[in-house]
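Here is the structure we will look at, set down as structure tokens.
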Amino acid sequence: MPEKDQIRSHVYDGIQEYDNPMPGWWVMLFWGCIFFALPYWIYYESGVPGRTIYDNYNEAVADNLRLQFEEIGELKLDSATVYQYMNDPKWLKVGESVFEMHCVACHAAKGEGKVGPNLTDDYWIHVKEIGDIAKVVEKGANGQAMPAWGNRLHPNEIALVASYVASLRGSLPAGSGKAPEPNAKKIPAWQAPAGAAEKTENSSPDADKDSKEKLPEPKPAS
Ligand code: HEC
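In structure tokens form, the structure reads like this:
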């Protein structure tokens, strides 16, 4: 008698059963799932930035927007520009994705500061007006402790990440991030540069045009 036809010795309610192994394909599937799950779990749950579906989505949206850079031309790295885009949620997404990709290592995920200073408070070392943010990002500071991004990022990415950084100010409760650097000074709230009001109106013709293609608002819980 072949092994698979052996009947087990117990009887439950008059029912007896064969001692057959699970079919090979089923067992393979079972172990396959387990071996697949382990690296999958490590990849997605190990907390490395840029791997969650939210990050991927934001990146895809930002990539697409980069393609549309032609629409806004090449941005100037000045106060008027940084101020203008600080109030433009659509383009701010590009700034956010640049920040996630290049800045969180030193300034932390919400800008609260790590090696680099806290970017959410009122104390700044190199920044007196809003446009200075773009200049620091372009040129770097403190002997490249803050790296220069001028030849690594598109000028529009610099302007937009500067707008994003400006928008972080006050986003965390006071005192919750890294303490102000000893050489930082409290500066007044961001000022709209003179003439910015008219500028916003006619230099952003795409604002209404694009409002119909509304961007959904995915927001990671983090
Ligand atoms: C390698 C670490 C590092 C990275 C990456 C980095 N920074 Fe910095 N950043 C610093 C340090 C350190 C300082 C403070 C420099 C100083 O003490 O003068 C700084 C300062 C700044 C300042 C000026 C803050 C002030 O108080 O004046 C801004 C704005 C800034 N970083 C934005 C950015 C942005 C935007 C990015 C990403 C494109 C970025 N940083 C990436 C380390 C970094």
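Numbering (my numbering), first residue to last: 19 to 240. Ideal Cβ placement from N, Cα and C applies to all residues, glycine included.
Closer than 7 Å: residue i CB and nearest the ligand HEC heavy atom
| i | result |
| --- | --- |
| residue 100 | no |
| residue 118 | no |
| residue 134 | yes |
| residue 125 | yes |
| residue 208 | no |
| residue 165 | yes |
| residue 51 | no |
| residue 177 | no |
| residue 95 | no |
| residue 151 | yes |
| residue 172 | no |
| residue 76 | no |
| residue 199 | yes |
| residue 154 | yes |
Cutoff 7 Å; reference residue i; Cβ partners in own chain excluding five residues on either side
| i | result |
| --- | --- |
| residue 252 | Outside the modelled stretch of the chain, which goes from 19 to 240, sits residue 252, for which no answer is possible. |
| residue 143 | 135, 199, 201 and 202 |
| residue 133 | 124 |
Test: residue i CB closer than 8 Å to a CB of chain D
| i | result |
| --- | --- |
| residue 172 | You won't find chain D in this structure, because it holds only one protein chain. |
Beta-carbon spacing of residue i, residue j below 8 Å
| i | j | result |
| --- | --- | --- |
| residue 212 | residue 95 | no |
| residue 110 | residue 185 | yes |
| residue 171 | residue 116 | yes |
| residue 68 | residue 118 | yes |
| residue 145 | residue 205 | yes |
| residue 106 | residue 192 | no |
| residue 100 | residue 194 | no |
| residue 45 | residue 129 | no |
Contacts around residue i, its chain only, beta-carbon distance under 8 Å, and the 5 residues preceding and following it disregarded
| i | result |
| --- | --- |
| residue 26 | 34, 35, 36 and 37 |
Residues bridged to residue i [DSSP beta-bridge criterion]
| i | result |
| --- | --- |
| residue 30 | 33 |
| residue 25 | 36 |
| residue 204 | 141 |
| residue 159 | 164 |
Close-in-space but distant-in-sequence residues of the same chain around residue i (CB under 6 Å, 5 per side omitted)
| i | result |
| --- | --- |
| residue 77 | 115 |
| residue 174 | 87 and 93 |
Along the chain, which unbroken stretches of the alpha helix (DSSP H) at least 4 residues long are found entirely within the region 125-152? none
Scan the region 52-102 and note each continuous alpha helix (DSSP H) run of 4 residues or more that stays entirely inside, going in chain order. DSSP runs (the alpha helix (DSSP H)) wholly in the region 52-102: 71-85 and 87-90.
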